[in-house]
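Numbering (full-length UniProt numbering), first residue to last: 1 to 106. Just so you know, even glycine gets a beta-carbon here, dropped at the ideal spot from N, CA and C. Quick caveat: nothing in here was measured; it's all calculated off a predicted structure.
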Amino acid sequence: MIDSAQTNIRRFIVAQYEDNPKIMYAQDASVAAANYQNYVTKDLISLWMLLNKHICMILQNTTAPAAQRLSETNEPHTIQWLAADYNKHLLHHLHQLLELEPVAYP
């Protein structure tokens, strides 16, 4: 979820000033390059929490017109749609980790 947060931060920011930027997420390559298995778990949790706080700040400061700007993933989506999708994705994984009732995603 750290890589997903980082990718979405980039989408949420860049789409506000570039027209339909193509920001893809190569999950396996990104996770391998980050080498998370060699981090202290506590540090990963802290990083993940700070990234999500940063996402909240970005989205709180995104104007309504900016929220309708597009970013290309596999297809163009608005920042608003990407934010809602990220939230569903986050809840899906949190429910898995905490062994709560599953949240369907996508």
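Element boundaries [beta strand (DSSP E), containing residue i]
| i | result |
| --- | --- |
| L70 | 70-72 |
| P76 | 76-78 |
CA-to-CA distance, residue j to residue i, given in whole angstroms
| i | j | result |
| --- | --- | --- |
| L100 | H92 | 10 Å |
| I79 | A104 | 21 Å |
| A84 | Q60 | 13 Å |
| D43 | N20 | 34 Å |
| K22 | A67 | 16 Å |
| H77 | L98 | 30 Å |
| E75 | M24 | 10 Å |
Coarse secondary structure for residue i, derived from DSSP in three states
| i | result |
| --- | --- |
| P102 | coil |
| P65 | helix |
Reference residue i, options the options, closest by Cα
| i | options | result |
| --- | --- | --- |
| Q16 | L98, L82, N38 | L82 |
| L50 | K88, M1, T62 | M1 |
| I13 | N87, Q27, S71 | S71 |
Cβ-Cβ separation, residue j to residue i (assumed contact under 8 Å), whole Å
| i | j | result |
| --- | --- | --- |
| residue 135 | P102 | Look at the range of the chain in this structure, 1 to 106, and you will see that residue 135 is not part of it. |
| A5 | N38 | Going by Cβ atoms, the distance from A5 to N38 rounds to 19 Å, so no, they are not a contact pair. |
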